[in-house]
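Visitor: Before anything else, here's the structure in question.
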Amino acid sequence: MRRLLPVNTGRRRFLISAGALAASATIPNVLFARTGGSSRLVVVILRGALDGLAAVPPYGDPDYANLHRELAIAAPGGTDGALTLNSTFGLHPSLKYLHERFAAGELIVFNAVASPYRDRSHFDGQNVLENGLAKPIGTADGWLNRALAALPAASGRTTDRAVAISQNVPLILRGAAAVMSKSPQATPDVDEDLLARLADLYSKDDWFSARLSEAVQTEKMVDDAGNSATMAPQSARESNPDRTSAVARMAANLMRSDGGPEIAVIEAGGWDTHANQGGAQGILSTRLGGLDKALKSLADELGPLWPQTAVLVVTEFGRTAAINGTRGTDHGTGGCAFLVGGAVRGGQVIADWPGLRRTALLDNRDLKPTLDLRSVFKAVLDEHLHVDANTLAKRVFPDSNGARPLQGLIRA
């Protein structure tokens, strides 16, 4: 356990019916930005607040089992035991691929981590996670967008460099570096070459291929990022356990395509486990297994790009340390995050662990955060995308003086 110390586009955007996704270059909700290097970055946002005490169980903490009770993950050993990271922490048994990446030196696990947000609203928590500020209001753009705007354009390149795989453009990528083309037409004409490129990309995935076919046949293509009338309900999207893997494969295929984006944002819902959360088995286990599968799909599809890729997996806040009356957990504060990829200097658990004693809990209920997520974001932007420290402090995260960037997260 380690202790701490202006891009323009003329392309049309459109949404595919049945809520497939939004993406740049060739797919819905087009966003555009440029970078100047060869490093790849993927940000996976887990919406709903992941229970970090289940995903990264502190089985070595003497107070863990009594607080989390039937939701607690047992110490390593046996089918339902945690996957060992060190003598204090493990991974949930559904995170087998991530455990392999840890053993291979490609995963860093952060625990007792949080954004600066200290209340428990999903909407405000997600805003703070994505705007990079200490409060949910105060800017209409996101920290990743501001980082992209600070990077020089790739020399001699005119291709689009950033993509959001999401129903709507996420706040993290909104702003000057991702200008979206709008049109008043409800069903804009779509270039046949564009459709051909889409069909070729989608042909390798049954789920996306079906969504494209539906969109073309029903002509339910729109160009307003805020129009979600043709989107599948949130519950329907979350009930498909393979959706995140399908989106991850699509992101990887786009990144591998000729002149493809170097940065992608993926969203996954379904992490708000107030009731019947389950322990080693159950609802959360299924969600974690789907995330694990999606990250493996991303790595497999990226193939030769994986050695230069870093993937950040984050959520808006953690959950309560104690189980609630409906066999779940409520909105909390401190949680976990992951950084995985071939470019990551992994095999580390970074946690200034405060412990789970009642007197150590925040507000007598939550894991107390001891690491600002912006310290992780700054380190990745600095070491991986080479955004300079002055820009990070003044433009990307302007009110983050107390969040010093970590060091040594990315391979030299």
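All residue numbers for the sequence shown refer to the numbering used here, where the first residue is 11 and numbers rise by one. Quick reminder that beta carbons are idealized off the backbone N, C-alpha and C, glycines included.
Quick one: residues in its chain with C-beta nearer than 8 Å to the C-beta of A59, no 5 flanking neighbours on either side, listed in chain order?
Guide: One-based indexing of the sequence shown puts residue 59 at position 49. Hits under 8 Å: H132, G135, W281, D282, T325, E326, F327, G328, R329, H341, G342 and G345.
Visitor: For F120 versus V321, is the C-beta spacing smaller than 8 Å?
Guide: By one-based count along the sequence shown, residue 120 stands at place 110. By one-based count along the sequence shown, residue 321 stands at place 311. In this structure, V321 does not lie closer than 8 Å to F120 by Cβ.
Visitor: Taking 8 Å as the CB-CB cut-off, is H284 touching chain C?
Guide: Absent here is chain C; the protein component of the structure consists of one chain.
Visitor: With a Cβ-Cβ cutoff of 8 Å, do R50 and L315 count as a contact?
Guide: Within the sequence shown, residue 50 is the residue found at index 40, counting from 1. Within the sequence shown, residue 315 is the residue found at index 305, counting from 1. Yes, they are a contact pair.
Visitor: Does the contact criterion of 3 or more C-beta pairs under 8 Å hold for the stretch 82-94 versus the stretch 371-387?
Guide: no
Visitor: Is there at least one non-hydrogen atom of the ligand MG closer than 7 Å to the beta-carbon of P379?
Guide: Ligands are entirely absent from the displayed structure, and the ligand MG is therefore not among its contents.
Visitor: Can you find the residues in the same chain that come closer than 8 Å, C-beta to C-beta, to D382, ignoring five residues on each side of it along the sequence?
Guide: Locating residue 382 in the sequence shown gives position 372, counting from the first residue. V123, A124, S125, P126, S410, G412 and A413, listed in sequence order.
Visitor: Between A262 and L308, how many whole angstroms is the CB-CB distance? I'm expecting something under 8 Å.
Guide: Taking the sequence shown and counting its residues from 1, the one referred to as residue 262 is at position 252. Taking the sequence shown and counting its residues from 1, the one referred to as residue 308 is at position 298. Going by Cβ atoms, the distance from A262 to L308 rounds to 5 Å, so yes, they are a contact pair.
Visitor: Use the C-beta contact count for A114: other C-beta atoms within 10 angstroms, 16 or more gives buried, fewer gives exposed.
Guide: As a first step, residue 114 must be located in the sequence shown, where it is residue number 104. Label assigned to A114: exposed.
Visitor: Between which two residues does the beta strand (DSSP E) holding L117 run?
Guide: Numbered from its first residue, the sequence shown carries residue 117 at position 107. L117 to A124 is the span of the beta strand (DSSP E), which, as asked, contains L117.
Visitor: Could you give the DSSP three-state label for T254: helix, strand or coil?
Guide: Start at 1 with the first residue of the sequence shown, and residue 254 comes out as number 244. If DSSP states are grouped into helix, strand and coil, T254 belongs with the helices.
Visitor: Should V275 be labelled buried (16 or more other beta-carbon atoms within 10 Å of its own) or exposed?
Guide: By one-based count along the sequence shown, residue 275 stands at place 265. Buried, by the Cβ-count rule.
Visitor: Return the first residue and the last residue of the beta strand (DSSP E) that T319 is part of.
Guide: The count along the sequence shown starts at 1 and reaches residue 319 at position 309. T319 -> beta strand (DSSP E) spans T319 to T325.
Visitor: Could you name each continuous alpha helix (DSSP H) segment of 4 residues or more that falls completely within the stretch 74-153, going from the start of the chain to the end?
Guide: Runs of alpha helix (DSSP H) with 4 or more residues, each lying fully within the stretch 74-153, are found at 74-78, 106-113 and 132-141, listed in chain order.
Visitor: Report all residues from its chain with a CB closer than 6 Å to the CB of A92; omit the five preceding and five following residues, and keep chain order.
Guide: Here residue 92 corresponds to residue number 82 of the sequence shown, with the count starting at 1. Excluding sequence neighbours, A92 sits near P67, Y69, I83, P86 and G100.
Visitor: Tell me the residue span of the beta strand (DSSP E) that contains G418.
Guide: Looking up residue 418 in the sequence shown gives position 408. Note, G418: premise wrong, no beta strand (DSSP E); not H, not E.
Visitor: Reducing DSSP to helix, strand and coil, say where A239 ends up.
Guide: Mapped onto the sequence shown, residue 239 falls at position 229. Any reading at A239 needs caution, since the residue's pLDDT is 29, under 50, leaving its predicted position unreliable; the model's value is listed next. Note: A239 maps to coil in three-state DSSP.
Visitor: In three-state terms, what does DSSP make of F24?
Guide: The residue labelled residue 24 in the question sits at position 14 within the sequence shown. Because the pLDDT at F24 is just 26, under 50, the model does not fix this residue reliably, and the value given afterwards should be weighed accordingly. The answer is coil: DSSP assigns F24 none of H, G, I, E or B.
Visitor: Helix or strand or just coil, what does DSSP make of E272?
Guide: Mapped onto the sequence shown, residue 272 falls at position 262. In the three-state scheme derived from DSSP, where H, G and I count as helix and E and B as strand, E272 is classed as coil.
Visitor: Could you spell out the range, first to last residue, of the alpha helix (DSSP H) harbouring V386?
Guide: Sequence index remark: in the sequence shown, residue 386 carries index 376 (1-based). First-last of the alpha helix (DSSP H) with V386: L383 to E393.
Visitor: Please name the residue in Q358, V53, N76 and I55 whose C-alpha comes closest to that of L63.
Guide: By one-based count along the sequence shown, residue 63 stands at place 53. Closest by alpha carbon: N76.
Visitor: Among residues of its own chain, excluding the 5 on either side of H394, which ones have a beta-carbon nearer than 7 Å to its beta-carbon?
Guide: Within the sequence shown, residue 394 is the residue found at index 384, counting from 1. Cβ within range, chain order: S49, L51, A320, A353 and I420.
Visitor: Excluding the five sequence neighbours on either side, which residues of its own chain have a C-beta within less than 6 Å of the C-beta of G142, listed in chain order?
Guide: Mapped onto the sequence shown, residue 142 falls at position 132. Here the set comprises W153 and F407.
Visitor: Please work out which residues of its chain come closer than 6 Å, Cβ to Cβ, to A157, disregarding the five sequence neighbours upstream and downstream, and give them in chain order.
Guide: As a working mapping, residue 157 is identified with position 147 in the sequence shown. For A157, where only same-chain residues beyond five positions count, the Cβ hits under 6 Å are L391, V397 and V406.
Visitor: Nearest-angstrom Cα distance between P364 and Q417?
Guide: Here residue 364 is taken as the residue at index 354 of the sequence shown, counted from 1. Here residue 417 is taken as the residue at index 407 of the sequence shown, counted from 1. P364 and Q417: Cα-Cα distance of roughly 21 Å.
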